[in-house]
Amino acid sequence: MTTLRPKAGLDRAGLEQEIATRSWFHTFDLGDGLRTPGYDDTLNKLEILHLPADLTGRTVLDIGSYDGFFAFECEARGAERVMATDRWCWEWPGNDARRNFDWMRDILDSTVEDRLVSVEELTPEAVDGTYDVVLFLGVLYHAPDPLGYLRRVREVTRGTLVVETLVDLLDVDVPAAAYYPGASMNNDASNHWGPNAAAVEGLLRDAGFTDVRRFDPWSSNRTWALHLDGNRPRRLSRRVRERLDSRARSGRMVFHATVA
Ligand SMILES: C[S@@+](CC[C@H](N)C(=O)[O-])C[C@H]1O[C@@H](n2cnc3c(N)ncnc32)[C@H](O)[C@@H]1O
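In terms of numbering that gives the first Met the number 0, the sequence shown has 12 at position 13, counting the first letter as 1, and numbering is strictly consecutive.
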């Protein structure tokens, strides 16, 4: 559950109007029925990440933060310092991500820091140190070189890494990854690889992480693909989703890994 709330004194009609002028990736629930109409399933994603409810005293790095929902959520859970990074969508002409992030930081009265840093540029110097908790959500399949990306992520992690990713070939019982040429995955040329769970675990270990833990797949592409209504996925009941997910060969999974 999220408890993000706008600072006192803001006019609700003004907030609604501002939300309506932007396009949103993240679905922020700001309380009292106020939501951003994100096309990402953010609030369900939050539930399956298994983030600690209390992050008091911890430092958090959110790599590929987009509108910043998970960075702000970690701050709300008590993190002492939160750093959000991105480059791709923050520089993308016409994308509202950067302006959404800045506006949210203002209305939430947040002190989340930011750096314009791509995964290719990730070093402890670029993000001002190493972090207790690192979020790498929805980024791994964008990597042309997944092991190289995870090695850089390892360099900035001193505690726990949380990975959320597209997975594929779940019916293959050796480490394997599907390759998506051109824009063949979701009509998006930035999607390159769909590893299966064993491949993600192997990549994490080879990048220097230990104690790798996987959680059950939480949503299948097939589930969404079967139920597209225009461009917006229609929600199915949890029971139907679970039945479809259990038969799917691709989907989304969460992994936790630590550094020794
Ligand atoms: C699907 S969004 C995920 C956003 C957020 N982390 C979440 O899970 O809700 C992918 C993010 O990865 C970033 N990214 C990093 N490297 C990328 C790359 N090579 N290609 C595309 N996006 C990339 C994008 O800018 C974007 O913020």
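Idealized CB from N, CA, C, for every residue including glycine.
Beta-carbon proximity list for residue i, same chain, < 6 Å, skipping 5 on both sides
i      : result
Ala224 : With a pLDDT of 44 at Ala224, under the threshold of 50, the modelled position of this residue cannot be trusted, and the question is left open.
Ser64  : Ala70, Ala83 and Asp85
Glu112 : Met82
Any non-hydrogen atom of ligand 1 closer than 7 Å to residue i Cβ
i      : result
Phe100 : no
Ala142 : yes
Gly193 : no
Leu87  : For clarity, residue 87 is Trp in the given sequence; the question names Leu instead. Under cutoff, so the answer is yes.
His49  : no
Leu136 : yes
Ser117 : yes
Gly63  : yes
Glu74  : no
Glu124 : no
Phe71  : no
Thr41  : yes
Ser189 : yes
His255 : no
Glu154 : no
Glu120 : no
Residue i versus residue j: straight-line alpha-carbon distance, rounded
i      : j      : result
Pro194 : Trp217 : 15 Å
Tyr140 : Glu15  : 34 Å
Leu160 : Tyr178 : 24 Å
Asp28  : Asp144 : 34 Å
Arg104 : Leu115 : 16 Å
Asn185 : Glu90  : 21 Å
Gly93  : Asp172 : 42 Å
Leu136 : Gly13  : 31 Å
Ala198 : Asp131 : 24 Å
Asn190 : Ala176 : 12 Å
Phe100 : Gly67  : 6 Å
Ile18  : Ala75  : 21 Å
Asp61  : Gly8   : 29 Å
Ala125 : Leu134 : 16 Å
Leu48  : Leu54  : 14 Å
Ser117 : Asp10  : 36 Å
Arg238 : Leu203 : 32 Å
Gly127 : Arg80  : First, the residue type needs correcting, since residue 127 is Asp and not Gly in the sequence shown. Their Cα atoms are separated by approximately 11 Å.
Extent of the continuous beta strand (DSSP E) run through residue i
i      : result
Gly158 : Thr156 to Val166
Thr58  : Thr58 to Ile62
Arg114 : Glu112 to Leu115
Leu50  : From DSSP, Leu50 is part of no beta strand (DSSP E); its letter is neither H nor E.
Met252 : Gly250 to Thr257
Arg212 : Thr209 to Arg213
Ala176 : Ala176 to Tyr178
Bounding residues of the alpha helix (DSSP H) (the contiguous stretch that carries residue i)
i      : result
Val199 : Ala196 to Asp205
Met103 : Ala96 to Ile106
Ala75  : Phe68 to Ala75
Gly13  : Arg11 to Ala19
Leu54  : Neither: Leu54 is in no alpha helix (DSSP H) and is coded neither H nor E.
Trp89  : Trp87 to Glu90
Whole-angstrom C-beta distance between residue j and residue i, which should lie under 8 Å
i      : j      : result
Leu107 : Lys6   : 7 Å
Ala196 : Met252 : 6 Å
Thr156 : Thr129 : 7 Å
Arg153 : Val258 : 7 Å
Thr26  : Leu42  : 6 Å
Contacts around residue i, its chain only, beta-carbon distance under 8 Å, and the 5 residues preceding and following it disregarded
i      : result
Asp215 : Met252
Leu169 : Asn195, Ala196, Pro216, Ala247, Arg248, Ser249 and Gly250
Sequence-distant residues of its chain with Cβ nearer than 7 Å to residue i (five each side left out)
i     : result
Gly30 : Arg4
Thr35 : Ile18, Trp23, His25, Thr26 and Phe27
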